[in-house]
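Novice: Provided herewith is a single structure, encoded as C-alpha cells, for subsequent inquiry.
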Amino acid sequence: MTDVQLTVNGNEHTVAVDAHRPLRDVLRQELGLTGTKESCDSGVCGACTVLVDGDATKSCLVPVGKVADTTVTTIEGVGGDGLSDVQQAFVDGFASQCGYCMPGLVLSAHDLLADNPEPTVEEIRAGISGNVCRCTGYVKIVDAIMDAADARER
Amino acid sequence: MGEYVKVESVEEAQRSLREETSATVVAGGQEVTLDLRQGSIDPRVLVDISDVDALNEIAHTADGLRVGSCVTYRDLERDKDIRAEYPTLVETIEGIAGPQVRNNGTLGGALCDADPVFDAPTVLLALDASVTLSADETARTVPLSEFYTSEGETVLADEELLTSILVPTPPARSAGAYRSMTPRQGDSTVAGVAVRLVRGDDTACRRARIALTNGAPMPRRVPSAEAALAGTTLDEEHIERAANAIRDALELPDDLRSASYRETVFGRLAGRAIRDARDGLPEVKP
C-alpha cells in the first residue's frame, strides 16, 4: 500500500491504496463518491468522467498515483453545495432519462464551456463525443448545454 | 502492490529505470492503465514522466516543430501556429478518441505504444518526423520510419526515453491529407492512409510519402506506392497504380473484418487521400 494524497471536491484525503488502481475505484470504494459511474471499464463510455485540474478525464484510465497533488472534481462537488449551472440546465431541459451517463456528461460539459463559452451545436457534439448515452439520442443533452452556455452569456 | 513515482527530470526518470528492474514509463496513462487492467503488464513501479518540464515543451526551430514527448493531443489542438502549419496533423488529432482521452494522451505515448491502429504515428510518418531517444549521457535521433521494428516493438532500449519528436518544416509547395475509416467517432481505426506530396518545378510530383494505419502489425510507410507517384502528374492512372501498390503491401492479420474487405477499403481511402493532397497543392505557374 502507498499513501496517496488526493484533493477531491476541495477536501484533502490521504488514502492507503495500491497506487496503480484506477482513480475511479478509489473514488467509489475508498471515498464513497459513487456518483462517478463504472460502465465499460475500458475508456470508451465516459460514465466515469471527472475533472482533473479542470480537464475532463476518464477516471478508469488514470492510476490513482497520477492524480496525487492535483485537484479532482466529481459530480458530487461540481456544484458546491447545490447544483451547478450545467446540472440545473439538464434538469430544466429534461435532458436525462435513466441518468447513468449524466455525471460524466455534466463534467464533460463543464470542461467544454470553460474552454469555449460560446460553442456551436457542432462543437457541443464534439465536446461530448467521449460520452455515451444509450437512452436519449443526445438532442436534449445538446440543448441543455447550449442553454447553460446562453445563461452564462446573460 | 504497485508504487507510483512522479519524476521531475529526465535524469531522475533514467535513474529510476536503471535502478528498478520492474518499471513501466507512464505519460498520459491512457494505454498503460488498460494494459495494467488486462494484465499484459504488471510492473512494480510506474514511472510518471508527464510532469517533466522539458518533455512538455513545444518549440518552433529552424529545423521544424519540436514537440516534447509528454505534450498532449489537446495541447497541440490549442496551438494556432501548429494548426496553421500542420493542418493534417491537427485535424487528425481532433478525430482521435474523445476529449477526455485527448486531454491526457500524449504524442510520445502514442508513438511508444507501437499500436498500428493509432492515427497520429501514421501522419507523422508521412511528415518525415524523427524522434529523439535519450539515455544517460547520450541522445540519438532516429527517423520515425526506422523506429518500429516489428509488432509492438521499437528500437527504444530499456534505459532510453523518447524525449521529443521533430516534425520538419513542410517544404514549399507541399500538401498532405489523411483519410481513415472508423465505424463511429472514437472507435479504433479500421484503415487509414496518410499522404504527403511535394510538387516539383513543373507539374510533376517530385516526392511522395504514404503511410498506413492498421495496414500492417506496426505503423509503416509504403515505398512502392510512394515510387508509383514520384515524377508523375498525379493523374488517375498513377493514383490507381499507387492504390494497387498499397493493396499489395498490406499485411493484414485475421480480424473481425475480412482481409479482402479491408483491402478494398484501403484502395478507396488511398485514392481519396492522394486526390485530397493533390488538390491541396498550389498551382504551378506556366
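Protein sequences appear in the order of chains L and R. Numbering follows the numbering used here, in which position 71 of the first sequence is assigned residue number 58; successive positions increment by one, without gaps. So the number in the numbering used here is just where the residue sits in the second sequence, counting from 1, plus 701. Glycine included, C-beta positions come from ideal geometry on N, C-alpha and C.
1) Any beta carbon of chain L sitting closer than 8 Å to that of residue 724(R)?
2) For residue 915(R), which three-state DSSP category applies?
3) Per DSSP, which one or two residues make a beta bridge with residue 1(L)?
4) Does residue 43(L) get closer than 8 Å to chain C when you measure Cβ to Cβ?
5) Got a sec: is the Cβ-Cβ distance from residue 715(R) to anything in chain L below 8 Å?
6) Out of 136(L), -4(L), 124(L), which one is the CA nearest neighbour of residue 41(L)?
7) Let me confirm a value: residue 772(R) is counted as buried when at least 16 other C-beta atoms fall within 10 Å, else exposed. Which label applies?
8) Identify whether residue 702(R) lies in helix, strand or coil by the three-state DSSP scheme.
9) Who pairs with residue 866(R) in a beta bridge, going by DSSP?
10) Starting from residue 735(R) and walking both ways along the alpha helix (DSSP H), at which residues does that stretch end?
11) If you follow the beta strand (DSSP E) that residue 749(R) is part of, which residue opens it and which one closes it?
12) Need the endpoints of the alpha helix (DSSP H) that residue 7(L) sits in, please.
13) Looking at C-alpha atoms only, which residue of 785(R), 968(R), 979(R) is the closest neighbour of residue 882(R)?
14) How about residue 705(R): is its C-beta nearer than 8 Å to some C-beta of chain L?
15) Taking residue 12(L) as the query, report the chain R residues whose CB atoms sit under 9 Å from its CB, ordered along the chain.
16) So if I threshold CB-CB distances at 7 Å, which residues from the segment 789 to 820 of chain R count as touching chain L?
17) What distance in whole Å lies between the Cβ atoms of residue 48(L) and residue 734(R), which are believed to be in contact at a cut-off of 8 Å?
18) Where residue 847(R) and residue 826(R) are concerned, what is the direct C-alpha to C-alpha distance, given to the nearest angstrom?
19) In three-state terms, what does DSSP make of residue 965(R)?
Specialist: If we stick to the structure as given:
1) no
2) coil
3) -8(L)
4) Checking the listed chains, one finds no chain C in this structure; the protein chains it contains are L and R.
5) no
6) -4(L)
7) buried
8) coil
9) 768(R), 832(R)
10) 733 to 739
11) 746 to 749
12) Here residue 7(L) belongs to no alpha helix (DSSP H), and DSSP marks it neither H nor E.
13) 968(R)
14) yes
15) The premise fails here: residue 12(L) is roughly 10 Å from chain R at the closest Cβ pair, so nothing lies under 9 Å.
16) 798, 799, 800, 801, 802, 804, 805
17) 5 Å
18) 10 Å
19) helix
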